Amino acid sequence: MPHPLETATDPASLNRVVIEPVSRVEGHGKVTLLLDDDRKVKQARLHIVEFRGFERFIQGRPYWEVPTLVQRLCGICPVSHLLAASKACDAFVIGHASLTPTAEKLRRLLHFAQVLQSNALHFFHLASPDLLFGFDDAVAHRNIVGVLQDERELGLQGIRMRKYGQEIIRLLTGKRVHGTGSVPGGFNKPLSVADRDLMRADIGQIIAWCDSALALARDLFLRGQPEQGRFANFPSGFMSLVRPDGAADLYDGALRVKDAQGQLIVDQVDVHDYQQLIVEEVKPWTYMKFPHLRALGPEHGWYRVGPLARINNATYFDTPHAEAARAEFMAWGHGQPVTASLAQHWARMIDTLHCAEGIARLLDDPDITGTDLMATGTPLREGIGVIEAPRGTLLHHYRIGDNDLVEYANLIVSTTHNNTAMNEAVRSVAAEYFDGREITEGLLNHIEVAIRAYDPCLSCATHAVGKMPLRIEVVEADGQLADVLLKHEDGTLERPMAHAAPVDRTPANWPPLDA
Numbered sequence: 126m127p128h129p130l131e132t133a134t135d136p137a138s139l140n141r142v143v144i145e146p147v148s149r150v151e152g153h154g155k156v157t158l159l160l161d162d163d164r165k166v167k168q169a170r171l172h173i174v175e176f177r178g179f180e181r182f183i184q185g186r187p188y189w190e191v192p193t194l195v196q197r198l199c200g201i202c203p204v205s206h207l208l209a210a211s212k213a214c215d216a217f218v219i220g221h222a223s224l225t226p227t228a229e230k231l232r233r234l235l236h237f238a239q240v241l242q243s244n245a246l247h248f249f250h251l252a253s254p255d256l257l258f259g260f261d262d263a264v265a266h267r268n269i270v271g272v273l274q275d276e277r278e279l280g281l282q283g284i285r286m287r288k289y290g291q292e293i294i295r296l297l298t299g300k301r302v303h304g305t306g307s308v309p310g311g312f313n314k315p316l317s318v319a320d321r322d323l324m325r326a327d328i329g330q331i332i333a334w335c336d337s338a339l340a341l342a343r344d345l346f347l348r349g350q351p352e353q354g355r356f357a358n359f360p361s362g363f364m365s366l367v368r369p370d371g372a373a374d375l376y377d378g379a380l381r382v383k384d385a386q387g388q389l390i391v392d393q394v395d396v397h398d399y400q401q402l403i404v405e406e407v408k409p410w411t412y413m414k415f416p417h418l419r420a421l422g423p424e425h426g427w428y429r430v431g432p433l434a435r436i437n438n439a440t441y442f443d444t445p446h447a448e449a450a451r452a453e454f455m456a457w458g459h460g461q462p463v464t465a466s467l468a469q470h471w472a473r474m475i476d477t478l479h480c481a482e483g484i485a486r487l488l489d490d491p492d493i494t495g496t497d498l499m500a501t502g503t504p505l506r507e508g509i510g511v512i513e514a515p516r517g518t519l520l521h522h523y524r525i526g527d528n529d530l531v532e533y534a535n536l537i538v539s540t541t542h543n544n545t546a547m548n549e550a551v552r553s554v555a556a557e558y559f560d561g562r563e564i565t566e567g568l569l570n571h572i573e574v575a576i577r578a579y580d581p582c583l584s585c586a587t588h589a590v591g592k593m594p595l596r597i598e599v600v601e602a603d604g605q606l607a608d609v610l611l612k613h614e615d616g617t618l619e620r621p622m623a624h625a626a627p628v629d630r631t632p633a634n635w636p637p638l639d640a
């Protein structure tokens, strides 16, 4: 059965509304709405229109280059890719052996700093203008400049929180963006006592700021009830990493998936078995794939990842302030998973507080300034690394040949996991706010608010090559379609024009871009 907002109505008979580009997100995307003559929404889709081929062009490269190469997927979350790739490539150096305590703790410190700075960027710079000023605020004011004008100290607090995380990244990797640090088998340089003390100097203030940012995110969400609770609220599954005891873990663990009622679908799935759990579906109108649980299929098996999933899935958080905040969050939801998309911001700031507390704990650990950085073991030829990136579960999978060159690469990034959920958010908001109404800029921003709740990193999510359906049309000068060649996902070619009547392709008769 088609989705109610994806009916079989002839697209040529509908009015088309396009939001392009989607603003205040990382990367490039657009939304198309098809409306009938009564301005009823018949179709709503999020299209990812940029294309990047990382999975293909890292093939043939030495595995030790991969962690540094894949960072170039993004300038916002490069550390997430560095660490996921390092974890996967550990297998090529140490096999099943464990990292040294110092190397693992340095990676965890780096990861906490990355999640903290990325969450601060999203909340203060990208999301807070909508939350503080309202979805219908003037577009010239609804941005970080407006925040700095009206709420200067709040805006500066966000900038300083992000700077702290970036400074930890710089001290550990040599650069704020696209450094090194983490390498297959361990870490490439120790943390000096002087640099450790420099990080320590401000962590108390950072925790206090995270506490106040969390209170702001919570209060803004609760003040917006009941509308914000209804906004883009729909049932779904939730997936994240957890420890054996169910505690949330950003760096390591096994996969847990719960349904919308909080019942376990699967638990403690070894990340190396992800292909038995997850399959990716391809659709012709976007460069981003649609993952779902293999056993449940695409209609019922899609899920969400990210801060909201981590809160809903965790049995507990192992830092005291974040655990108290998690308990308060779950109490608001009466112990059931919270499914409102805008609750992501509240959950994200619980995440951020957890990272600040985790940083403080690691800086007090004597192992953090150790010098035993590289482990040893029996190398393997296949490696899988999974972490919880700021936006959710991030998976890197590589195989190498006897010459140590990459032969296979597969990445499933957080935004890709959330693809169906973001499309569902677009449909939900379109159905509630657009049907029968005059389209205004403020109404269009409602769509973008729903997408921004997931903090999508669209450039990270469009990395595969050779896996998308391709349609090539040859059009004569008079606008007649002369030939069509289709390349299907499996690589087979089809020429459907062989016995078809000519088709008029003059500009006036072009179909909608998503038809």
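If you're matching positions, the sequence shown starts at 126 in the numbering used here and goes up one per residue.
Backbone N, C-alpha and C define an ideal beta-carbon position, used for all residues, glycine too.
Remember, it's a predicted structure, so these values are computed and weren't measured experimentally.
Distance, Cα to Cα, residue i vs residue j?
i: Ala-228; j: Thr-444; result: 21 angstroms
i: Phe-312; j: Gly-280; result: 34 angstroms
i: Gly-310; j: Phe-182; result: 23 angstroms
i: Asp-377; j: Leu-194; result: 22 angstroms
i: Thr-545; j: Glu-190; result: 32 angstroms
i: Asp-639; j: Asn-140; result: Low confidence applies to Asp-639: its pLDDT is 41, below 50, so where it sits in the model is not reliable, and the reading given next is rough at best. Cα to Cα, Asp-639 sits roughly 13 angstroms from Asn-140.
i: Leu-130; j: Arg-233; result: The pLDDT assigned to Leu-130 is 41, lower than 50, so where the model puts this residue is not dependable; a value taken from the coordinates is nonetheless given after this. So the two alpha carbons sit approximately 43 angstroms from each other.
i: His-571; j: Val-554; result: 7 angstroms
i: Val-646; j: Gly-495; result: As displayed, the chain neither begins before 126 nor continues past 640, which places residue 646 out of reach and without an answer.
i: Gln-184; j: Tyr-533; result: 6 angstroms
i: Glu-112; j: Thr-565; result: Look at the range of the chain in this structure, 126 to 640, and you will see that residue 112 is not part of it.
i: Gln-350; j: Leu-467; result: 11 angstroms
i: Leu-389; j: Gly-458; result: 17 angstroms
i: Ile-493; j: Leu-487; result: 7 angstroms
i: His-479; j: Gly-371; result: 16 angstroms
i: Asn-244; j: Thr-477; result: 6 angstroms
i: Arg-577; j: Thr-501; result: 43 angstroms
i: Gln-400; j: Gly-460; result: 31 angstroms
i: Asn-528; j: Val-308; result: 19 angstroms
i: Arg-287; j: Gln-242; result: 4 angstroms
i: Asp-392; j: Ala-379; result: 8 angstroms
i: Glu-507; j: Ala-216; result: 7 angstroms
One question on the structure: do residue i and residue j come within less than 8 angstroms of each other, judged by their Cβ atoms?
i: Val-204; j: Gln-239; result: yes
i: Cys-214; j: Tyr-523; result: yes
i: Arg-186; j: Leu-530; result: yes
i: Asn-455; j: Leu-171; result: With the sequence shown as reference, residue 455 is identified as Met, and Asn is not the correct amino acid for it. Result no, Cβ atoms of Met-455 and Leu-171 do not sit closer than 8 angstroms.
i: His-206; j: Met-364; result: no
i: Met-474; j: Ala-338; result: yes
i: Asp-374; j: Val-382; result: no
i: Leu-235; j: Leu-208; result: yes
i: Ala-481; j: Ile-328; result: yes
i: Thr-503; j: Gly-259; result: no
i: Ala-385; j: Gly-362; result: yes
i: Lys-414; j: Glu-406; result: yes
i: Gly-510; j: Lys-212; result: yes
i: Thr-464; j: Pro-360; result: yes
i: Arg-277; j: Gln-291; result: no
i: Phe-248; j: Gly-304; result: no
i: Thr-298; j: Asp-497; result: no
What are the boundary residues of the beta strand (DSSP E) that includes residue i?
i: Gln-393; result: 389 to 394
i: Gly-362; result: 362 to 367
i: Arg-181; result: Looking at the DSSP string, Arg-181 is not in any beta strand (DSSP E); the run it does join, the alpha helix (DSSP H), is 179 to 182.
i: Ile-512; result: 507 to 514
i: Ala-379; result: 379 to 383
i: Ile-144; result: 140 to 144
i: Leu-520; result: 517 to 525
Between which two residues does the alpha helix (DSSP H) containing residue i stretch?
i: Asn-244; result: 226 to 245
i: His-470; result: 468 to 488
i: Asp-399; result: A quick correction: the sequence has Tyr, not Asp, at residue 399. Residues 399 to 402.
i: Thr-193; result: 191 to 195
i: Pro-642; result: With the chain represented from 126 up to 640, any question about residue 642 goes unanswered, as that position is not in the structure.
i: Ile-269; result: 269 to 275
i: His-206; result: 203 to 219
How should residue i be labelled, buried or exposed, when 16 other C-beta atoms within 10 angstroms of its C-beta is the threshold for buried?
i: Ser-223; result: exposed
i: Ile-331; result: buried
i: Val-430; result: buried
i: Val-142; result: buried
i: Arg-348; result: exposed
i: Pro-644; result: Within the shown structure, residues of the chain are numbered from 126 to 640, placing residue 644 beyond reach of any answer.
i: Pro-416; result: buried
i: Pro-491; result: exposed
i: Asp-580; result: buried
Let me see if you follow: with CB-CB separation under 8 angstroms, is residue i close to chain B or not?
i: Tyr-558; result: As a matter of chain content, chain B is missing from the structure shown, which is built from one protein chain.
Pick out the complete beta strand (DSSP E) segments inside the region 533 to 559, 3 residues or longer, and give them in chain order.
Whole beta strand (DSSP E) segments, 3+ residues: zero.
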